[in-house]
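As you go down the protein sequences, you meet chains A and B in turn. For the first sequence, position 55 (counting from the first letter as 1) is numbered 60 according to the numbering used here, and the numbering increases by one without interruption. For the second sequence, position 128 (counting from the first letter as 1) is numbered 172 according to the numbering used here, and the numbering increases by one without interruption. Heads up, the thing below is written out as structure tokens.
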Amino acid sequence: MLLVLGICGTAQAAESAGMIKTSKGMVTLERDGQKLIAVVGTPVLVADKLRTGSDGAVGVTLRDSTLLSAGPNSLITIDKFAFDSTTTDGRMSVGVRKGTLAVASGKIAKKTPESVDFHTPTSVLGVRGTEFVIEVGDGRED
Amino acid sequence: MKWETVVRIDLRFPLLAVAVLLAAGCASERVVLLPSSDGRPGAVVVRDAGGEIRLDRPYAATARRVGSNETYQASPEHVEERFGAALAAQPMRPKSYILYFEVGSNQLTAESQAEFAKLRSEVGERAAAEVMVIGHTDTVGNAQGNDALSLKRAESVRDLLVEAGVAGEKVEAVGRGERELLVPTADEIDEPKNRRVEINLR
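Okay, structure coming up:
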């Protein structure tokens, strides 16, 4: 009984990571196998997948003030996020499976850069308090 | 025999990198470091099976595909062409405010009332605005009383925002008492700069 309660508790406690602040064209959030339309104001939770269509673009502000924004045909995963807003301690891990992502790093990267990573299918990016863009293509275009 | 071993080790990493790229569907990947908006120097370190590349100048870039790994200097036009849609979708920059209080109370100083008016109008301009309010005190009074006072200050700013039409659940208010002095002082010192709330609007 306790074990069951424990599992339910974990499933419901998917932590808030941020919020959709801009959304254009087709943008969906995939959560627990469900697809949600990602309109402005939709909360983004840990383990969510953000997907944009060929006309889509989306901007998310994470709770530590990190800005993420993706262009068309992108798939971005919020793999880990934890942040204590009073101490600014935390950690995050964000994946770019395909498409384009622009990043302006936030308070976690400022305080503990070693707790922040961005990853692609073949590489891992470490961040030293900064802004950058990532592209993951299929190799055919150029 | 020894020579053979050395050759095998040298080959292993490039082969692994190619294998991973092939497994990822002939992926091509690109990373460009941008100038930071606050002008501070930044860097990105890109690690893969083949090693590590450090980008630490604005527009320094790396492009990788099967069998090649190119580092180059990108231009703003190149970034706009490949990343324009992603950059155009970037949310507004978060903004910080500090509001100050009269001694021992949750009454804003006259200057801070004017600053609050700016905060309120900026909240109204943002889509899906969220506000974090952290209250603080000076060292006059005991720690427990100051915990309560700092929270009261944060909550009074939240109430002012709610009166101005901001949804209450979009505003988080916490108190830190006298733990984080903006101006370090001894105990029982009346320091106006420490009687404050710090606000993060995002």
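Think of the CB as a built atom: it goes at the ideal place given N, C-alpha and C, for glycine as much as any other residue.
N- and C-terminal bounds of the alpha helix (DSSP H) containing residue 120 of chain B: In the DSSP assignment, residue 120 of chain B falls within the unbroken alpha helix (DSSP H) covering 120-132.
The alpha helix (DSSP H) enclosing residue 81 of chain B, as first and last residue numbers: Per DSSP, residue 81 of chain B is not a residue of any alpha helix (DSSP H), being assigned neither H nor E.
Contacting residues, own chain, Cβ-Cβ under 8 Å from residue 230 of chain B (five flanking each side not counted): Within the same chain, residue 230 of chain B has close Cβ partners 183.
7 Å Cβ shell around residue 66 of chain A - same chain, five flanking residues per side excluded: Taken in chain order, the residues that qualify are 23, 24, 26 and 72.
Neighbourhood of residue 140 of chain B by C-beta distance below 8 Å, restricted to the same chain and skipping five residues each side: Excluding sequence neighbours, residue 140 of chain B sits near 242, 243, 244 and 245.
Among B:192, B:76 and B:129, the one whose alpha carbon lies nearest that of residue 150 of chain B: Closest by alpha carbon: B:192.
Assigned secondary structure, residue 113 of chain A (DSSP; H/G/I helix, E/B strand, else coil): Residue state, collapsed to three classes: helix.
Per-residue DSSP class, three states only, for residue 118 of chain A: In the structure shown, residue 118 of chain A sits in a helix (DSSP, three-state: H, G or I).
Neighbour-count burial assignment, residue 154 of chain B, 16 or more Cβ in a 10 Å radius: Under this definition residue 154 of chain B is an exposed residue.
Terminal residues of the alpha helix (DSSP H) in which residue 207 of chain B lies: Looking at the DSSP string, the run of the alpha helix (DSSP H) that includes residue 207 of chain B is 187-207.
CA nearest to the CA of residue 225 of chain B, picked from B:217, B:129 and B:240: The residue with the shortest Cα to Cα distance from residue 225 of chain B is B:240.
Chain A contact for residue 131 of chain B (CB, 8 Å cutoff): Judged by the 8 Å Cβ criterion, residue 131 of chain B is in contact with chain A.
Beta carbon of residue 130 of chain A nearer than 8 Å to that of residue 89 of chain B: For residue 130 of chain A and residue 89 of chain B, yes; Cβs fall inside 8 Å.
Cα-Cα separation, residue 171 of chain B to residue 216 of chain B: Whole-angstrom Cα-Cα distance: 17 Å.
Extent of the continuous beta strand (DSSP E) run through residue 217 of chain B: Membership of residue 217 of chain B in the beta strand (DSSP E) is indicated by the continuous run 215-219.
Residue-chain proximity (residue 127 of chain B, chain E), Cβ-Cβ < 8 Å: Of the protein chains in the structure, A and B, none is chain E.
Neighbour flag for residue 117 of chain A against chain B, beta carbons, 8 Å: Residue contact check for residue 117 of chain A against chain B: no CB pair falls below 8 Å.
Residue 236 of chain B (DSSP reduced to helix, strand or coil): In the three-state reduction of the DSSP assignment, residue 236 of chain B falls in the helix class, which pools H, G and I.
Candidates A:63, A:142 and A:56, of which the one nearest residue 129 of chain B by Cα: With distances taken between Cα atoms, residue 129 of chain B lies closest to A:63.
Residue 86 of chain A, enclosing beta strand (DSSP E) - first and last residue: That run of the beta strand (DSSP E) goes 80-88.
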